[in-house]
Each structure stands twice: as C-alpha cells, then as structure tokens.
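Residues in the sequence shown are numbered from 1 upward in steps of one, following UniProt numbering. Ideal Cβ positions, reconstructed from N, Cα and C, are used throughout, including at glycine. Worksheet: one structure, shown below.
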Amino acid sequence: VAHDIVIRNGRIVDGMLKPAFEGDVAIDGDTITALGRVTSRGKREIDARGAVVTPGFIDLHTHMDAQIGWDPQLTSVCWHGITTVLMGNCGVTFAPVRDSDKELLAGMMESVEDIPREAILSGLPWDWSS
Numbered sequence: 001v002a003h004d005i006v007i008r009n010g011r012i013v014d015g016m017l018k019p020a021f022e023g024d025v026a027i028d029g030d031t032i033t034a035l036g037r038v039t040s041r042g043k044r045e046i047d048a049r050g051a052v053v054t055p056g057f058i059d060l061h062t063h064m065d066a067q068i069g070w071d072p073q074l075t076s077v078c079w080h081g082i083t084t085v086l087m088g089n090c091g092v093t094f095a096p097v098r099d100s101d102k103e104l105l106a107g108m109m110e111s112v113e114d115i116p117r118e119a120i121l122s123g124l125p126w127d128w129s130s
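Right under this line is the structure:
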C-alpha cells in the first residue's frame with residue numbers, strides 16, 4: 001500500500017527532545033503515519049537528503065494582526081516553516097473593535113508596524129465586532 005507522501009533520507013527532528021536521526025516520514029491525508037525507515041512507496045516522494053525535517057514551528061510573537069485581513073493564509077510565515085501563530089499579544093490588535101475605534105486602531109498600528117493607515121483601513125475587511 002502506497003502512502004500519500006514519503007519524505008526520504010531527511011535528518012529528522014521530531015520535537016520530542018530526542019537527538020536528530022536520519023530517516024523517512026510517511027504522510028497519509030493530514031497525518032504522519034510512519035517515522036523512521038519507511039519501506040513502502042509514496043504516491044509522491046520527496047528526497048530530503050541534506051535537509052532537516054521538523055514539525056511546523058509555532059511563532060508566539062507575531063505582528064500579523066493587519067496582514068491577516070488581506071493575506072488570510074499569512075503566506076510569508078509558511079516560507080519559514082511556521083504553521084501556527086499567536087496574534088494580539090503586543091498590546092495593539094484589531095479586536096475588540098467598534099466602528100468608532102477603527103481610525104484609532106489604524107493609527108496605532110501605523111505607528112507600531114509602519115503600515116500606512118489607509119492600507120489598514122482599506123485592506124482589512126472590518127466585518128466583525130466585539
């Protein structure tokens with residue numbers, strides 16, 4: 001039986017505080033189903049020789065509060081292996097928001113993030129309230 005994806009020959013860091021090891025990772029659907037030496041084939045195979053294979057990273061200090069409005073996939077963080085982000089932890093965020101607060105919040109974010117106020121006001125959907 002073929003796995004959906006097999007990543008082969010990578011230096012695996014599994015996040016369990018064990019030393020890194022050479023091996024393969026089998027993935028079926030959205031689940032890692034085997035780790036180590038995988039003998040069965042993959043429908044897609046990736047040669048990770050010379051690369052490190054890790055779980056996704058969690059970024060606990062981000063400034064993505066505005067960007068998520070116009071880039072809901074947070075595209076740039078994926079380029080760095082980040083799969084989970086925490087937002088709203090730096091004292092400036094867009095929630096809670098009332099209509100009367102939009103200008104104030106955009107101005108604060110402009111001063112903190114150097115994102116032009118107009119880009120924030122026009123780029124965010126502003127379709128929520130709290």
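Close beta carbons around residue i, own chain, < 6 Å, minus the five adjacent residues each side
i   : result
T84 : I58
Q67 : none
8 Å Cβ shell around residue i - same chain, five flanking residues per side excluded
i           : result
E22         : N9, G10, R11, I12
residue 134 : For residue 134 there is no data in the structure shown, the boundaries of the chain being 1 and 130.
Within 8 Å, strictly: CB atoms of residue i and residue j
i    : j    : result
V6   : A20  : no
I82  : G56  : yes
T62  : M87  : yes
D71  : T93  : no
M108 : I115 : no
CA-to-CA distance, residue j to residue i, given in whole angstroms
i    : j    : result
G36  : L60  : 30 Å
G15  : A48  : 18 Å
D101 : N89  : 19 Å
G69  : E45  : 35 Å
L105 : V52  : 40 Å
V1   : E103 : 57 Å
7 Å Cβ shell around residue i - same chain, five flanking residues per side excluded
i    : result
D112 : The sequence as given places Val at residue 112; Asp does not occur at that position. Hits under 7 Å: V92.
DSSP beta-bridge partners of residue i
i   : result
H3  : G42
G23 : G10
*Does the region 91-105 come close enough to the region 123-130 to have 3 or more Cβ pairs within less than 8 Å?*
yes
*Is the region 74-82 in contact with the region 100-120, if contact means three or more CB pairs nearer than 8 Å?*
no
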